[in-house]
Each structure stands twice: as structure tokens, then as C-alpha cells.
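Contents: one structure, followed by commentary.
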Amino acid sequence: MQKVDLFGMELVDHSLKEALWITDSFLKNGAPNTILFISAKMLVGAGGSDMQKEWLKAADLIIWSDAQVLQQAGITSKNRIHEVENQDYIKEVLKKLGRNRKTVYLLAESEEQLVKLREDLLHLRSDLMIAGERIVSLDENVETLVNDINSRTPTAVISRLPYVEQERLMMETKRFLCAEVWMALNYQMILNEERPVAVKKLLNKWYHFVFQKLIKKYKDEDETKELPLS
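All letters in the sequence shown, in the order written, are residues 198 to 427 by our numbering.
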């Protein structure tokens, strides 16, 4: 476990073994827990928004979406970089769900995105049991959504939505859900390398650049505050 200070947020990085142990405890405690995959884009947004900072801090478990953002946050362990680069966490969790015949419920913003999410997850774990899925609109009725999810009694909810929308839904529905975990993915994650990803990689490169600039600015401001008065 290693704590990371980003823009005044204290985020905790867990090793793969630690994160899987925590996830196992989530699957046994009978209460919904949120697992948030964070990207450079999300951290850039949090750097300018207190509300988004609170959302990140409210997550029960933080998982890095890619190895570069992990390194930019100051974590340089070769083992951790390999774990994140290889997306070992989500592979192991999906393996556990598939092997134990646990059901999942999928959320996305359109039929096209729902199909992609389903295909990406089944690409990683072909025996994953999908109990239900739903397209989520901006004006989604939270009560209707919760009722539909709970009627399928899934072990896990897996969503890939615009992250501000995920924020609202996770905050508003968490205490009403019967699912043990909600895993919130993001568009910056590349789950299926067989898909064309050139544009996604270019966008990721841009957000990593902006994230690095914000980190430098934050550190420079901290150093200025610490300078002794003349």
C-alpha cells in the first residue's frame, strides 16, 4: 500500500494482492462497494473541481486505468507498473466472477457502447454471466434503475459511462443497491487490443501530458509556499 498526494487528494495505491483481498472482502460483506478505475482525464478533471475530488475520495477502492498515469503519480515499482500495464486486477476479478458463476449487470450510455462493453468483458472472460444490461440516459430515473438492477440480483454492476454521470449514479444509488460491488470503468481503458485504438491512444497521450503539467504546477506551488520569508 502506498499513499499518493494529488492536488490535495490522498489516494491509496494497493498492490494487486491487496486489491484482490479487499475485493474479496467486498464480495462477502453484504453491502455495496464502489471500485473506481481512474484515468489521467479523470484526474485532470479533479484537479479543477472539488466535487470531482470528493467523488474520487468517496470510492471504496481506486484502480489505475493505465501504467503511465501510475508512474506520473509517483509510483515507480516495476512490479506495480507491470500489474497495471497488464490489467491484472480486472482480469482476476472477472475470472473470479466467471469461475464462481456470479452474475453481472452492465450499464452504458448507448446501444453501441453497451455492445462494446459486453464484447470487451467477454473478450477478457468468456464465461462471464450477464444477468442484465441497460442504457443509461442523462435524465435517468434512479428509482427505476435501482429496481431493475435489484430485480436481477447481480453480484456486480459494471458500468462504462461519462464519469460525471457515473458520479451521480454511484452516489445516488449506492445505499439502495443489492449488488456487492459496482465497478466503474472509463473510456481511457483499452480492454480489447483487437479493436482499433489509435484515436483513444492519442487522446490518452494528450490527457497524460496535461496531467503531468498540472502535477508540476501543483508541486511548484507547494514549494513556493514552503520558501522562508526574506
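C-beta: ideal position from N, C-alpha, C; glycine also.
Small disclaimer: the values here were computed from a predicted structure and weren't measured.
- Cβ contact annotation for D317 (same chain, cutoff 7 Å, sequence separation greater than five): L388 and N389, in chain order.
- Distances from the CA of T273 to each of V201, K293 and R298 were compared; the closest alpha carbon is that of V201.
- Following the DSSP letters along the chain, one finds F223 inside the alpha helix (DSSP H) bounded by residues L213 to F223.
- For T352, the secondary structure class from DSSP, reduced to helix, strand or coil, is coil.
- Apart from the 5 residues on each side of it in sequence, F223 sits with its Cβ closer than 8 Å to the Cβ of N230, I232, D257, L258, E377 and V378 in its chain, given in chain order.
- K414 and M368 have their C-alpha atoms roughly 30 Å apart.
- A contact between stretches requires three or more CB pairs, one per stretch, nearer than 8 Å, and the segment 294 to 308 fails this requirement with the segment 278 to 286.
- Contact between W252 and V281 fails: their C-beta atoms lie close to 21 Å from each other, not under 8 Å.
- D345 has no beta-bridge partner at all, per DSSP.
- Proximity to Q363 across N347, D345, I332 and P351 peaks at I332, based on C-alpha coordinates.
- Within the same chain, E306 come within 8 Å of S334 by CB-CB distance, once the 5 residues on both sides are set aside.
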